[in-house]
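Chains as they are written, first to last, in our numbering: chain A, 1 to 477; chain B, 1001 to 1892; chain C, 2001 to 2130.
We put the CB at the ideal spot given by N, CA and C, even for glycine.
Note that the coordinates shown come from a computational prediction; the quantities given were computed from them, not determined experimentally.
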Amino acid sequence: MLLLSPLLIPLVASLLSTFVSGLARQAVNLFSSGLLFASACTLLLQVADHGRQSLALGAWPLPYAIEFVADGLSAIMILLVALVSLAVSIYQIGWKESPEHSGLYSLQHALIAASMAVLLAADLFNLYVWFELMLVALLGLLTLGGGWRHNEAAFKYFTLSMLGTLLMLASVGLIHGSTGQLNFDALAQVSRDPSLGPALTVYIGMLLAALLLKVGAFPLFAWLPASYHTLPAPLLALVGGLLTKISIYVLFRLTGQVFDIGMLREALGWLAVVTMVSGVLGAAYHWDLRRILAFHIVSQIGYLLLGLALASPAGGAATGFFLLHNILVKTNLFLIAGLMWASMGHYDLRKGGGLYPAKPLLAALFLLSAFSLVGVPPSSGFWGKFLLLQETFAQERFVWGGIALATGLLTLYSMSKIWQECFWKVHPGTLSPLSPPKTAYVAVITLSVVILFIGLYPDPVINYLQEHTTDFWRDNS
Amino acid sequence: MSTTHTTSDNGGKAWLWMAILPLSIFLALVWGIGNHSLPWAYSLPWVPSIGIELAFRIDALSAQMLVLITGIGTLVFVYAVGYLDHEPNRGRIFLVLPVFMLAMIGAVTADNIILLFLFWELTSLTSFLLVGFNHKDADVRDSARQALLVTMGGGLALLGGLLLLGQIVDTWSLSGIISQVSAHTSDPRLPWAILLVLLGAFTKSAQFPFHFWLPNAMSAPTPVSAYLHSATMVKLGIYLMARLDPAFNNLLLWETLLIGVGTLTAVWAAVLTLRERDLKRILARSTVSALGTMTLLIGLPSPGSGLALMTFMFAHALYKAPLFMLAGNIDHATGTRVIDRLMGLRRVMPWSAVVAILAGISMAGLPLAFGFVAKDMISIAKEQTDLFISISYALVIVNAITVAVAGVATIRVFWGPLKSPRKKTREVSWTMILPPLIIALVGIEFEFFPHIADPLLLAAAQNVSPDLVVTELSASYEPADIFSALGITMVIGIVLFFAWDRLHQALSKIHSLDFGPEAGYRLLLRGLSVVAAWHTRLIQPGRLDIYLSLTLSALMIMVVFAAWHTEQRFAMDLHWSEHALAWSVASLIITIGATAAALMRQRLAVLMASGLLGYGAAILFLFAGAPDLAFTQFSVETALVVVAAAVLPLYAKAPPLEPLWSNPLKLLLAVSAGIGTFLLLLHMQGLPESRQLADWFATNSLPEAHGRNVVNVIIVDFRALDTLGEIAVVAFSLLAAMPLLQGITWQRRKLPASPMLTMSAKPLYWLMLVGAFWILLRGHNEPGGGFIAGLVAVAASSQLAILLDPSTARRYQFLSPLALALTGVGLALFGGMFGALWGPGFLRHLWAGGLSSVMIFDLGVFLAVWGALMGYIYSLLEVKAGATNKLMESAS
Amino acid sequence: MNLVLIIAVSLSVSAGVWLLLSRDNFRILVGLAILGSAVNLIIFLGGRPGTLIPPVISMDAEILAQGAASPLPQALVLTAIVIGFALLCFGLVLGARLSRAHGHADVTRQHASEPLAGSSDDPYKPKVMD
């Protein structure tokens, strides 16, 4: 039952949210986020003590039933999603940017429920179903804005994502048609069968291509900077921090444990470095804070893909760490961007300014997260990049490592641009007299403390990941 | 820039207490050196899983750096109190400066290279914040960013180099690397590691071509410049190179790079000094030149070079810091730093003049100051090895220019007739006089009492050049030696001093000197903008059609790539079976539908064609043993066409259709997709079919799940979670569409309502509803089930809405569509809970007699489908009189 | 005769892609619908259809007859059909609202959320570029 709670809690909350209104809705939002966080902690402890947990839905035997699995990696991902969800819920108290629409919390929780289910899913078709729920929930959140820009963004997201899910569905159908299996463990066995495995590569490649679209890899990421920036700050933080990372998790699981994609690794690595550079160039071009950060999502995805391309347990630990760090830092940056908007009155860098003298706390929080993104020690980002680079160099992939380092410099350029324009430069007009709600600061500070803690004391997390990723890429270690 | 003179704020003196921090460390250090012999080592585990610990090691080299950092640090803090007396934001500097100091301390004592890197980057970061103190000025911002990008860029290279080194020698310990790396000189990665590390060191210590950030960093407040950019931070690179020197000194790469770059830096910076008019910038350039000399000294293979380096480093700090502070004093007193407008200041700033003389003597290398000792050591080191003649001559020029600079900073500004832009130029406060005075005095004192500094310097020198044999540090006072040391450089220097202005004008006219590395930096930044713009406009232009083409092409390339690596198994199934005719008909219908959809010009025709395609699929299902599927496909396709046809009038006019061949890429993509699909399916045919799952379902459907319709049993029993997710998708799609469905104004033409039709509407509704329930109930054992029942109910409500009106139909549905849909999901969850509470698990349905929780689950499915679909259909059928059309509202 | 069916499915995919690349909002959606149907058929083909016997256990048997159709792909397709349908409904309504707001259904001219280069909202300062 514990394995089901990450799915059921937000799902029930989502249903409830439509039937209550006003303050009760806020209460449901907060309560369920808190409950979800608590159950995620419990799950993590359970997995840390007793190892991999598995649940066959309906208590039917495997591999005939749909399976939910929580191992070390998924448990900590679940915890992070719950943490981020809680932070965003706190941030949302009193956030006045978007009108109170009855569907907001409902769709938000549906999104969380679907994300959790994806993290737990160990069945290929079930995975597809939950991806579709994520898609619908995000579409709902996009259209909530109501204006034609929002609808246009939603339409672009809709068509491109549908393309991705159709490809995914086709590949699931073809994989099932060729192997007769849907369960991850069963598929892992089949794909290693020398009489069948090598023939499956094209279908696996299709599945990976579909996931690369969901993940935001080059050149399939167009939907991301086309749609994300129309969302209000708390939703953007939730979506920007989580969704692509959850898809990376799926890639992680599929390439690390389920399928053996030996020859495709090389291509994945090159794709990764191109994604890194492409994302950061996009960020360097823009002057809208949200669009800059959206492109940075793409760039960071490049790093994660590089970790996957390394295809070794050490690479897996590095990717896992980077994944966790990235979820926290990106969400925090988006939340901070919201606070910046509330103070400056604008998301456009050219029209903002003056935040350093006026809001020193915000400046400090921004510095922490921004430099963590760049990878300046002793931040969480540094450890992530360090682990990644260490493995990259150990595998003698010097070009990839060099590009990763150079991208760090470009990321620094981008962050320093934001700092210059919004914090140091004098505001061209007047700063907004309204101060953002205190609860928003609470959320940001909480996440910042976690980021700082991981940066200063990364050992437990690294240890945990090293312990729980030995099972990945077993054939290559 | 100086601030206006307002009444002094005596509360600022409280910041003097900050100086306790560096002072206490300094005293502790001195006491420690006196009582416990170096080296000291200390380590604490930090990240054991990757072998990084908080390892510190203080040997003589570190100790000497620490003396500079904390000693000069204390006095800088005191100076800052005076300098920032009228600055309202001074708290920021006093908060960041100690952090910087701690970072420097960490960097010079770290014994773990990753730890060192950490502190290294921290110094860059704090320096950024300090340089950008007057951030309202755009030039200051640019200078701060320039420093940041250059030093952190170098830092990234340093990281790469350190990583490589660590992997080559298999340890993160600095002392370990230094002692063990000689065993790995043949490793091909080593030259790269050295190169990258040196790149980091060069950027930090402003070596050519990364020197340009240092003069621009002079926009920082003077205490910062005196501390960071003369005495401490810029010496960090020198420190690292000195530390690594014993390990790499015998490598040609190391020697050549250091000597070459060092000399080039020294000369280039010295020459450029002549182009400056701002006193601080002059001093900055001369610092760069000194750093070049230090680099050169590290590279020299002579045994005395270590001693020369240590002495010079010490002496330089001791005369540069006071000179910078002096520049700050002049700035405060007169409001300017431009040497053209300053002269004869000794009359009004006597104490500053004293400091100037003391520091200037040391800088010029005259026999009364420590600088003289340093010069002596340098010449000894030069003699001990063969240097290219050109380098020797270059060094002479550099020295000469240094003498000239000393002259400018002291004699020119303080002697001669008084000239100052400010009428009432007064001496500055004691907090701004005492620190530079003390430092300069120390510089003199060491000359006369060298044995105080001796042991430390010698020990430090030995860390750098282990073959040092000198046992005591003293300068030779033989007249011949004095003459040779002083002679040429002094003469040339004095000439340059007097010719300063003419040289300045001559050099300013050489415009090619403008295009140095700094221009390169600016070009790079602009290039970045251009490239970023080109790239982003190319792949993210904002147009969906481009996105779709790009995405489809990329996806197809990926699939082709994957196919290339696949073992092919094509097979064709050509036997003619009994239903082949039906299948061929179905396939024909599908083909006609597809072709028509692609080619038709009218939207409605396109829609109908796609419907035809769907019907073809339904026929196929019917003749392929899938009755449930056939019915569902049939109903869904009909519903889709109905909804689309209802929505179609809301669409704006279609853009003109392009001819088939106008867009070759489009044609190519479509054709390739088709061919690809064909091959993919053929490939699958060639693979064996595994019936493992299907057989198990077939065997266990009745005994375990009590159902004969295996498909339905899979849907509500074996794979119920899929269904749960699916109805969630359906319900939430309605929720997501709510903002879109509101406010649609749709004028419906009322159908001519014949009374017979109207009268039969309600009974028909009930009849169909009953039929839906019957289908629901029988679904477990015969074709039927929740979906199909739901679709039948949808048909029922739709006919009621069309024949009568939507609001009646709504009333007869009891709940609002959204509520109904979500209740359906809730009910399904509820149904699944029975098994969780009283059975083996969630979604395992319990049976008691003829009843089962499976009914509740399927009912949930029914309600979800019925509610969600009707939500769409009602909105599309309804007339919303007077509803504002939100479509035309301006964008938010 | 699966070959005929495979050809039909491939043609459907071609048609779907062709429509997907159209300039018309509506046609794009129809293209997605067609692609959805095609993918459903692909899944169905995975079960190697060939028999007319539905997977329903007859009244006098305990297990399914040997020659019956494979039930699992049918269940998957059923789920996929319904999901696809819900999404298409949403898409159709979205497309309608969008085209009404713009006044046209041409996707090449729908870039309000991402201003084109050179427009007043262009993030790139034009004076630096050629």
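CA nearest to the CA of valine 88(A), picked from Arg350(A), Leu328(A), Ser191(A) and Ile462(A): Leu328(A)
Closest by C-alpha distance to serine 2070(C), when choosing among Gln1207(B), Asp1628(B) and Val1047(B): Asp1628(B)
DSSP state of proline 1755(B) mapped onto helix, strand, coil: helix
Extent of the continuous beta strand (DSSP E) run through leucine 1054(B): 1052-1058
DSSP state of leucine 1887(B) mapped onto helix, strand, coil: Caution is warranted here: a pLDDT of 31 is assigned to leucine 1887(B), below 50, making its placement in the model unreliable, and the coordinate value is therefore given only provisionally. Helix.
Chain B contact residues for leucine 281(A), given Cβ-Cβ distances below 7 Å: Val1531, Ala1532, His1535 and Thr1536
Chain C contact residues for glutamate 1689(B), given Cβ-Cβ distances below 9 Å: Gly2046, Gly2047, Arg2048 and Ser2070
Pairwise C-alpha distance: glycine 279(A) and alanine 272(A): 11 Å
DSSP state of glutamine 1799(B) mapped onto helix, strand, coil: helix
Cβ of tyrosine 1651(B) within 7 Å of any chain C Cβ: yes
C-alpha distance - tyrosine 1874(B) paired with leucine 1803(B), whole-angstrom precision: 13 Å
Inter-stretch contact (C-beta, 8 Å, three-pair minimum) for the segment 6-18 of chain A and the segment 100-120 of chain A: yes
Residue interval of the beta strand (DSSP E) (run including phenylalanine 68(A)): 67-70
Proximal chain A residues relative to valine 2039(C), where beta-carbon distance stays under 9 Å: Leu166, Leu167, Leu169, Ala170 and Gly173
Positions along the segment 133-146 of chain A whose CB lies within less than 8 Å of some CB in chain C: Leu135, Val136, Leu139 and Thr143
Range covered by the alpha helix (DSSP H) that runs through tyrosine 356(A): 355-358
Spatial distance of serine 5(A) from alanine 27(A) (CA atoms): 19 Å
Cut-off 6 Å between Cβ atoms - residues of its own chain near isoleucine 1492(B), not counting five sequence neighbours on either side: Ala1400
Neighbour-count burial assignment, histidine 1229(B), 16 or more Cβ in a 10 Å radius: buried
Minimum Cβ-Cβ distance from isoleucine 1715(B) to chain C less than 7 Å: yes
Any chain A beta carbon closer than 7 Å to glutamate 2062(C): no
Chain C contact for isoleucine 276(A) (CB, 7 Å cutoff): In the sequence on display, residue 276(A) carries methionine and not isoleucine. Taking Cβ atoms only, chain C never reaches closer than 7 Å to methionine 276(A), which makes this a no.
Residues of its chain near serine 1182(B), where Cβ-Cβ distance is below 7 Å and the 5 sequence neighbours each way are ignored: Ala1247
Buried or exposed (CB count within 10 angstroms, at least 16 for buried), isoleucine 125(A): First, the residue type needs correcting, since residue 125(A) is phenylalanine and not isoleucine in the sequence shown. With 16 or more other Cβ atoms within 10 Å, it is buried.
Short CB-CB distance (under 7 Å) between glycine 1707(B) and chain A: no
Beta-carbon neighbours of glycine 2091(C), restricted to chain A and to distances below 7 Å: Phe158
Within-7 Å CB hit, phenylalanine 131(A) to chain C: no
CB contact flag (alanine 1562(B), glycine 173(A), <7 Å): no
Cutoff 7 Å: methionine 2129(C) Cβ touching any chain A Cβ: Only weak support exists for where methionine 2129(C) lies, its pLDDT of 35 falling under 50; the value from the coordinates is given anyway. It does not: the Cβ of methionine 2129(C) has no partner Cβ on chain A nearer than 7 Å.
Backbone secondary structure at glutamine 2066(C) - three-state DSSP: coil
Beta-carbon proximity of alanine 1652(B) to histidine 2104(C), cut-off 7 Å: yes
Other residues of its chain near glycine 1686(B): CB distance less than 6 Å, five sequence neighbours each side excluded: Arg1569, Phe1570 and Ala1571
Between the CA atoms of isoleucine 1494(B) and leucine 1456(B) - distance to the nearest angstrom: 34 Å
Unbroken alpha helix (DSSP H) run spanning tryptophan 1583(B), endpoints: 1580-1599
is_contact[phenylalanine 1497(B), chain C] using C-beta, thresh 7 Å: no
Proximity test, Cβ basis, 7 Å: alanine 2101(C) and chain A: yes
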